[in-house]
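A.B. asks: Just passing along the structure, written as C-alpha cells.
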Amino acid sequence: MIVIENVAIATVDASDTYYADGHVAVGDDGRILSVGPGASETAGERIDGTGCLVTPGLVNTHHHLYQWATRGLAVDQTLFGWLKALYPIWGRLDADIVGAAAAAGLGWLALSGCTTSMDHHYVFPRDGGDVLEAEIAAARQIGLRFHPARGSMDLSEKDGGLPPDNVVEETDEALAATAAAIDRWHDPSPDAMLQIAVAPCSPFSVTSRLMSSSAELARSKGVRLHTHLAETSDEQDYCRQHFGCTPVEYAERVGWLGDDVWLAHGVHLDDSAVARLGATGTGVAHCPSSNARLGAGMARVRDLLDARVPVGLGVDGSASQEASHLGEELRQALYTARQRGGPGALSAGEALRLGTMGGARCLGRQDDLGSLEAGKLADLVMWRLDGLGHEGIDDRLAALVFGPAAPVELALVGGRPVVSQGELVNADAEHLAREAGRAHRRIMTAAG
Ligand SMILES: [Zn+2]
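First residue of the sequence shown: 449, per the numbering used here; consecutive thereafter.
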C-alpha cells in the first residue's frame with residue numbers, strides 16, 4: 449500500500465474537489481482506498497508530497513506512435529501536403545521501427561504526465577511484420593495503460609483517395625485483421641491494461657464500405673470506434689465533392705455517431721454538427737498543438753462542452769506535433785479556447801478535466817479512470833511545482849496549467865510506479881532515445 453501525504457490534490461470529481469493539503473491512499477488491488485484532507489490513518493509506504501500537486505493521470509486520446517520515427521519532416525505543409533510527403537516513407541515501416549518509436553513515444557508520454565494512452569495505427573506494410581504486437585510490447589515495457597486502435601486504409605489514389613497504393617489494405621483483409629486483433633488482445637475487464645478499438649483512418653483514405661463494416665464489427669464485439677474527422681477545410685471540400693455532405697453528415701450516414709465513438713480533431717464543425725455530436729454522445733479528441741502545427745484551425749471546445757460532447761486531449765502523431773508532451777496540451781487547450789472565445793472560454797480546472805475525465809469518457813473508462821475517488825483505479829500523477837519555473841505561482845492548479853511544463857515526480861498506473869523521482873521506472877530514457885534515433889535513420893535510409 450502507498451500513502452501520499454502533505455500534498456495538494458485536484459480530484460476532478462463531480463464537484464471539482466480540491467485539497468490544499470491532503471492525502472491519497474492506494475490499496476494493494478491497485479485502486480484508491482481514500483482521498484481527502486490532512487493525513488491518512490492507513491498503514492503503508494509513505495510518500496511526502498510537499499511542493500507537489502496530485503492529479504488523475506492524463507489520458508491521451510489521439511496519437512500515432514510510429515510517427516516518432518519520422519519527426520521534423522514537411523514542417524511547413526498543410527495536412528494533405530504533409531501526408532503526401534510522408535506516406536511513401538511510412539510504406540517502409542516494420543515491427544522493429546514501430547517498436548522503437550512506440551517505446552520512445554510512450555516513455556516520453558509517461559514523463560509528460562500520461563498514464564493511459566491510445567494509439568491509432570493504420571499503416572500495415574505487407575512485409576512489415578506484426579507492428580501491433582510490437583507497440584503492445586512497448587506499452588507493457590513502459591507500464592502505461594494502453595488502448596491501441598487497429599486502424600486501416602483501403603482507398604488509394606487510383607480509387608480517388610489520398611494515399612499511394614502501397615500503404616493501403618484490401619477492405620476484407622483489413623476487417624479480418626481488425627477482428628483478429630480484438631480476439632487476441634482486447635480485455636473488457638474494469639482493470640484492463642489493454643483494450644482495442646476499431647479505427648479506419650479518415651474519409652479520404654477509407655471506403656464507405658470499410659467505414660460501415662467497421663462500425664458493425666466494433667458493435668458486434670463490444671469495442672469502441674475511432675477515426676479522424678473534420679480536421680481541415682481540405683477534408684471538408686473532399687467530403688462535399690465525394691459525398692455531397694459535411695464530414696459529420698457523412699459519419700452519420702455510415703453509422704459513425706454514438707456514445708461508443710470518439711473522433712480525432714473535430715475542428716471544422718458547424719452548429720448543427722456540434723449539436724449532433726452532443727445529442728449522440730459522440731466524443732472528440734482535441735489536439736490543439738497538432739492543429740496549430742498544421743495550421744488546420746481551432747476546435748470549438750467551449751461550444752462542444754456546452755453541447756455536452758465528451759472532449760479529451762490528444763497529442764496526435766509525433767510527426768505532426770514533434771513535442772508530443774501531454775502536460776503541455778493542458779495549457780495549449782486553454783490558450784486555443786481563449787483565442788476563440790476570450791478569457792472566460794476555458795478555466796484551468798476545465799483544461800485539467802479535458803485531459804483526465806474527458807479522456808476517460810472518450811475511451812469508455814470513466815467508471816474506473818479520470819478522477820481521484822475511493823474505489824477508482826490508482827492512476828495518478830504527482831507534479832513537482834516548487835522548482836524555479838513554478839514556485840511562487842499563487843495556486844498549484846494555476847501553476848500546473850498556466851506555468852511551464854511541470855516535472856513529473858511520480859506517476860502510478862494501477863498503483864504501480866511508472867515514473868519515480870522524475871525518471872522512468874521500467875526503461876532507460878537514454879536507451880529509448882538511441883533506439884529512436886536508430887529507427888529514424890533506418891526508415892529514412894530505406895525510404896531514400
Ligand atoms: Zn491523427
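Cβ atoms here follow ideal geometry from the backbone N, Cα and C, with glycine treated the same way.
Can you find a heavy atom of ligand 1 that lies under 7 Å from the Cβ of GLY765?
C.D. replies: yes
A.B. asks: Return yes when at least one heavy atom of ligand 1 lies under 7 Å from the C-beta of ALA550, else no.
C.D. replies: Not one heavy atom of ligand 1 lies closer than 7 Å to the C-beta of ALA550.
A.B. asks: Please state whether DSSP places THR582 in a helix, a strand or coil.
C.D. replies: Note on residue identity: the sequence assigns Ala, not Thr, to residue 582. If DSSP states are grouped into helix, strand and coil, ALA582 belongs with the helices.
A.B. asks: Among VAL856, ALA640, LYS669 and SER720, whose alpha-carbon lies nearest the alpha-carbon of CYS693?
C.D. replies: SER720
A.B. asks: Could you pull the DSSP bridge partners for ALA931 from this structure?
C.D. replies: Residue 931 falls outside the range modelled here, since the chain spans only 449 to 896, and no answer is possible.
A.B. asks: Leaving aside the five residues before and after GLU453 along the sequence, list all residues of the same chain whose C-beta is less than 6 Å from its C-beta, in chain order.
C.D. replies: Answer for GLU453: HIS471 and ALA487, listed in chain order.
A.B. asks: So what's HIS569 in DSSP terms, helix, strand or just coil?
C.D. replies: If DSSP states are grouped into helix, strand and coil, HIS569 belongs with the strands.
A.B. asks: Does the separation of the CB atoms of ASN614 and GLY807 fall below 8 Å?
C.D. replies: no
A.B. asks: Ignore the nearest five residues each way along the sequence and tell me which others in ALA622's own chain have a CB closer than 7 Å to its CB.
C.D. replies: SER600, ASP602 and LEU658
A.B. asks: Would you decide whether ALA895 is buried or exposed? Buried here means 16 or more other CB atoms lie within 10 Å of its CB.
C.D. replies: Below a pLDDT of 50, predicted positions are generally treated as unreliable, and ALA895, at 49, falls in that range; the measurement from the model is reported next regardless. Exposed, since its Cβ has fewer than 16 Cβ neighbours within 10 Å.
A.B. asks: Rounded to whole angstroms, what is the Cα-Cα separation between ARG540 and PRO573?
C.D. replies: 7 Å
A.B. asks: For HIS595, verify whether its CB is less than 7 Å away from any heavy atom of ligand 1.
C.D. replies: no
A.B. asks: Out of VAL829, LEU828, PHE850 and ASP827, which one is the CA nearest neighbour of HIS838?
C.D. replies: PHE850
A.B. asks: Does the segment 757-776 touch the segment 514-523, meaning 3 or more C-beta pairs lie closer than 8 Å?
C.D. replies: yes
A.B. asks: Taking CB distances under 8 Å as the criterion, tell me whether GLN515 reaches chain C.
C.D. replies: Any reference to chain C falls outside this structure, which holds one protein chain only.
A.B. asks: On the three-state DSSP scale, how would you describe ILE931?
C.D. replies: An answer regarding residue 931 cannot be provided, because it is not within the stretch 449 to 896 covered by the chain.
A.B. asks: Mark ARG598 as exposed unless 16 or more other C-beta atoms lie within 10 angstroms of its C-beta, in which case mark it buried.
C.D. replies: Residue burial annotation: ARG598 is buried, with at least 16 other C-beta atoms found within 10 angstroms of its C-beta.
A.B. asks: Tell me whether ASN614 sits in a helix, a strand or coil according to DSSP, three-state version.
C.D. replies: helix
A.B. asks: Rounded to whole angstroms, what is the Cα-Cα separation between SER653 and SER604?
C.D. replies: 6 Å
A.B. asks: Expressed to the nearest angstrom, what Euclidean distance is found between the alpha-carbon atoms of LEU591 and LEU513?
C.D. replies: Reading off the sequence, residue 591 comes out as Gly, not Leu. One C-alpha to the other measures close to 15 Å.
A.B. asks: Would you check if the segment 744-757 and the segment 537-555 touch, i.e. whether three or more CB-CB distances between them fall below 8 Å?
C.D. replies: no
A.B. asks: Under the three-state reduction of DSSP, which class applies to GLY896: helix, strand or coil?
C.D. replies: Its pLDDT being 45, under 50, GLY896 is placed unreliably in this model, and the value from its coordinates should be taken loosely. Reduced to three states, the DSSP call for GLY896 is coil.
A.B. asks: Taking three-plus beta-carbon pairs below 8 Å as touching, is the segment 732-740 in contact with the segment 684-701?
C.D. replies: They do not touch, by the three-pair rule.
A.B. asks: For the alpha helix (DSSP H) containing ASN739, list its first residue and its last residue.
C.D. replies: 736-741
A.B. asks: Spatial neighbours of ALA822 within its chain, please: C-beta separation below 7 Å, excluding the five flanking residues on both sides.
C.D. replies: ILE480, LEU481, SER482 and VAL483
A.B. asks: Look at the alpha carbon of TYR535 and the alpha carbon of LEU753, and state the distance between them as a whole number of angstroms.
C.D. replies: 34 Å
A.B. asks: Looking at ligand 1, does it come within less than 7 Å of HIS914, judged from the CB to the closest heavy atom?
C.D. replies: For residue 914 there is no data in the structure shown, the boundaries of the chain being 449 and 896.
A.B. asks: Which class does VAL759 belong to by DSSP, given the choice of helix, strand or coil?
C.D. replies: strand
A.B. asks: If we ignore side chains and look at the alpha-carbon of each, how far apart do PHE691 and ALA727 end up?
C.D. replies: Straight-line spacing of the CA atoms in PHE691 and ALA727 works out to 23 Å.
A.B. asks: Would you call the segment 495-503 and the segment 846-864 in contact, with 3 or more CB pairs under 8 Å?
C.D. replies: With three or more CB-CB distances shorter than 8 Å, the segment 495-503 counts as touching the segment 846-864.
A.B. asks: Helix, strand or coil for VAL849? Go by DSSP, reduced to three states.
C.D. replies: In the structure shown, the three-state DSSP call for VAL849 is helix.
A.B. asks: Any heavy atom of ligand 1 closer than 7 Å to the CB of ALA647?
C.D. replies: No; taking the cut-off as 7 Å, the Cβ of ALA647 has no heavy atom of ligand 1 nearer than that.
A.B. asks: Compute the minimum distance between the beta carbon of TRP471 and the heavy atoms of ligand 1, and state whether it is under 7 Å.
C.D. replies: The residue you asked about is not Trp; residue 471 is His in the sequence shown. Between ligand 1 and HIS471, a heavy atom-to-CB distance of less than 7 Å is absent.
A.B. asks: Would you identify the three-state DSSP class for VAL546, choosing helix, strand or coil?
C.D. replies: helix
A.B. asks: Is HIS568 near ligand 1, going by C-beta to nearest heavy atom under 7 Å?
C.D. replies: Checking every heavy atom of ligand 1 against the Cβ of HIS568, one is found closer than 7 Å.
A.B. asks: Which residues in the same chain as ALA629 place their Cβ atom closer than 7 Å to its Cβ, once the five residues preceding and following it in sequence are excluded?
C.D. replies: LEU580, ARG598 and ILE644
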